[in-house]
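Chains as they are written, first to last, in this note's numbering: chain A, 692 to 899; chain B, 692 to 899.
2 protein chains.
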Amino acid sequence: MAERADRKTVSLRAAAAGVPVLIPVAISARHVHLTESVIETLFSDKYRLHTHADLVQPGQYAAEECVTLVGPHGRIPHVRIVGPPRAVNQVEISRTDALTLGINAPVRESGDLAGTPGIVLQGPRGSVTLESGVICALRHVHMCPEEAARLGFKDQDRIQVAAQSADRQTLFQNVVVRVSPTYRLEMHLDTDEGNAAGLRSGDPVVLQ
Amino acid sequence: MAERADRKTVSLRAAAAGVPVLIPVAISARHVHLTESVIETLFSDKYRLHTHADLVQPGQYAAEECVTLVGPHGRIPHVRIVGPPRAVNQVEISRTDALTLGINAPVRESGDLAGTPGIVLQGPRGSVTLESGVICALRHVHMCPEEAARLGFKDQDRIQVAAQSADRQTLFQNVVVRVSPTYRLEMHLDTDEGNAAGLRSGDPVVLQ
């Protein structure tokens, strides 16, 4: 019950600003975060990723390089690597992808990988079997501490966000707030969630 | 504003029953409804579909027969025909499928096919080019007139339905009510919507 009361409080504080708080959406297509070691196995020794496009979150970029995901029931080619390399491998797919691959990926926050299933990655040089790291990303809103303070939120708060599509109007509940000085205000959904709500990247959603 | 007032009224009437109204969900995977003529072209003269599984809606069945959907960007094999044959061809896909195929299917009610895009269907005997009929189905709840009367709804009312998944809690808004003596109480979502809300066929959702 304490959790529910908290949620009400943060919503009321946000509403007190008087005008709707619009949050731009980013629809995350399936992608992988890889360690330098795995990138070297898949591509070549000392391989460095090339930037295809910078993402809104500062320092993050879609790489030119792609891999193929291989699961027990199917494979998905042309899956983008998101750079820079990380300390831990993480594969983010939709539930639709999970069914195609035959991998029962749980809904998790980024980095919360204990007990998650593994997968095989194929690159131009070779393959790597990851023992874990496959998730469906938990829907979340990025913001910097100044935005969080303005809206009355703190890291890990749960909020509600409305998508106002004419024919697929949807209220996303239990959305995690993630606060860091490196973040810019943006809601992250996967392709299933974006499609279900009739959203495209860059569309605004409304804080409730 | 009249529409909003109506919506409130129907919700209040439903709530007056005192207990939550649970509606079983059916997640509709991509499927096609075909005319006898198209079935004959794809399979053989005088061809009759075989029942793979009866659906909850009386008289409807998933056929054993499947077709391949072919769009300008991709193809999707093993797409089930739903019988019995109909007077008009209709192809129901998710937005994820629409992107795979490269066909910009609009969100529409079943049967509302004016101005919708076409597609190529392949069967074991031959191919058929449909000039229109490809849609993403508008989310809806089927019910019979007795259930509608009990809940205070009429055909084409718009309602809200809550999916209470722990990590993908979602309120579907602007959901169409469809009333017919041949219907049984059931909410129909496509795979994107089901995945986005962490639902599987048979799960209950709650009328708000």
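For glycine and all other residues, C-beta sits at the position ideal for the given N, C-alpha and C.
As the structure is a computational prediction, the values presented were derived from the model and not from experiment.
Between the C-alpha atoms of residue i and residue j, what's the straight-line distance to the nearest angstrom?
i                : j                : result
His879 (chain A) : Asn886 (chain B) : 16 Å
Leu804 (chain B) : Cys827 (chain B) : 11 Å
Thr861 (chain B) : Glu731 (chain B) : 42 Å
Glu877 (chain B) : Pro895 (chain B) : 9 Å
Arg777 (chain A) : Val798 (chain A) : 20 Å
Leu796 (chain B) : Gln864 (chain B) : Reading the sequence as shown, one finds Ala at residue 796 (chain B) and not Leu. Cα to Cα, Ala796 (chain B) sits roughly 21 Å from Gln864 (chain B).
Met834 (chain A) : Gln751 (chain A) : 15 Å
Thr820 (chain A) : Arg786 (chain A) : 21 Å
Arg739 (chain B) : Gly824 (chain B) : 22 Å
Gln847 (chain A) : Glu838 (chain A) : 14 Å
Thr807 (chain B) : Gly806 (chain A) : 45 Å
Asp881 (chain A) : Ser801 (chain B) : 26 Å
Leu898 (chain A) : Val867 (chain A) : 12 Å
Arg869 (chain B) : Arg721 (chain B) : 20 Å
Met692 (chain A) : Arg875 (chain B) : Any reading at Met692 (chain A) must be qualified, since the residue scores a pLDDT of 35, below 50, and its modelled position is unreliable; no value is offered.
Leu842 (chain A) : Pro836 (chain B) : 46 Å
Ser871 (chain A) : Ile784 (chain B) : 39 Å
Ser892 (chain B) : Thr873 (chain A) : 40 Å
His831 (chain B) : Lys845 (chain B) : 13 Å
Thr659 (chain B) : Thr791 (chain B) : Lying outside 692 to 899, the shown extent of chain B, residue 659 (chain B) is not represented and no answer is given.
Ser818 (chain A) : Phe734 (chain A) : 9 Å
Pro913 (chain A) : Pro749 (chain B) : Residue 913 (chain A) lies beyond the residue range present for chain A, which begins at 692 and ends at 899; the question has no answer from this structure.
Pro775 (chain A) : Ile794 (chain A) : 26 Å
Glu884 (chain B) : Glu884 (chain A) : 7 Å
His743 (chain B) : Ser719 (chain B) : 15 Å
Val729 (chain A) : Glu822 (chain B) : 48 Å
Val712 (chain A) : Val747 (chain B) : 42 Å
Val761 (chain A) : Val761 (chain B) : 24 Å
Gln855 (chain B) : Ala717 (chain B) : 15 Å
Following the continuous alpha helix (DSSP H) through residue i, name the residue where it begins and the one where it ends.
i                : result
Gly885 (chain A) : 882–887
Asp894 (chain A) : Where Asp894 (chain A) is concerned, there is no enclosing alpha helix (DSSP H), given that its DSSP letter is neither H nor E.
Asp788 (chain A) : 786–792
Thr742 (chain A) : Thr742 (chain A) -> not in any alpha helix (DSSP H); beta strand (DSSP E) instead, spanning 742–745.
Ala796 (chain B) : Unbroken run through Ala796 (chain B): none, as it is neither H nor E.
Leu842 (chain A) : 836–842
Using a C-beta to C-beta distance shorter than 7 Å, which residues of chain A count as neighbours of residue i?
i                : result
Ser892 (chain B) : Here the premise fails: no neighbours, minimum Cβ distance about 13 Å.
Glu884 (chain B) : Ala887
Please list the partners that residue i has in chain A, where partner means a Cβ-to-Cβ separation under 9 Å.
i                : result
Phe863 (chain B) : Arg859, Gln860, Thr861, Leu862, Ala887
Take the Cβ of residue i as the centre, count every other Cβ of all protein chains shown within 10 Å, and call the residue buried at 16 or more, exposed below.
i                : result
Pro763 (chain B) : exposed
His687 (chain B) : Outside the displayed span of chain B (692 to 899) sits residue 687 (chain B), for which this structure offers no information.
Glu694 (chain B) : A caution first: Glu694 (chain B) carries a pLDDT of 43, below 50, which makes its placement in the model unreliable, though a value can still be read off. Looking at its Cβ environment, which holds fewer than 16 other Cβ atoms inside 10 Å, Glu694 (chain B) is exposed.
Val779 (chain B) : exposed
Gln781 (chain A) : buried
Arg766 (chain A) : exposed
Asp745 (chain B) : exposed
Ala789 (chain A) : buried
Arg816 (chain B) : exposed
Asp736 (chain A) : exposed
Leu829 (chain B) : buried
Ala840 (chain B) : exposed
Could you tell me the boundaries of the beta strand (DSSP E) in which residue i lies?
i                : result
Thr861 (chain A) : 861–870
Leu821 (chain A) : 818–821
Arg771 (chain B) : 766–774
Glu756 (chain B) : 752–761
Arg721 (chain B) : Unbroken run through Arg721 (chain B): none, as it is neither H nor E.
Val729 (chain B) : Val729 (chain B) -> not in any beta strand (DSSP E); alpha helix (DSSP H) instead, spanning 727–733.
Arg739 (chain B) : Counting along the chain, Arg739 (chain B) falls outside any beta strand (DSSP E), and DSSP gives it neither H nor E.
Which residues in chain B have a C-beta closer than 9 Å to the C-beta of residue i? List them in chain order.
i                : result
Glu783 (chain A) : The contacting residues do not exist; Glu783 (chain A) stays about 14 Å from chain B at best.
Could you tell me which chain A residues have their CB closer than 8 Å to the CB of residue i, listed as they occur along the chain?
i                : result
Asp798 (chain B) : For clarity, residue 798 (chain B) is Val in the given sequence; the question names Asp instead. The contacting residues are Asp858, Arg859, Gly889.
How would you list, in chain order, the residues of chain B whose beta-carbon sits under 7 Å from the beta-carbon of residue i?
i                : result
Leu829 (chain A) : Asp858
Kindly list, in the order they appear in chain B, the residues whose Cβ is closer than 8 Å to that of residue i.
i                : result
Thr787 (chain A) : Ser785, Thr787, Thr882, Asp883, Asn886
- [ ] For the stretch 801–821 of chain B and the stretch 725–741 of chain B, state whether three or more C-beta atom pairs, one from each stretch, are separated by less than 8 Å.
- [x] yes
TODO: Pair every Cβ in the stretch 853–871 of chain A with every Cβ in the stretch 886–895 of chain A, then say whether three or more of these pairs are closer than 8 Å.
DONE: yes
Open item on the list: For the structure I just gave you, are there three or more beta carbon pairs, one from the stretch 755–764 of chain B and one from the stretch 847–856 of chain A, closer than 8 Å?
Closed with: no
- [ ] Decide if the stretch 708–715 of chain A is in contact with the stretch 770–786 of chain A; the criterion is three or more beta carbon pairs, one per stretch, under 8 Å apart.
- [x] no
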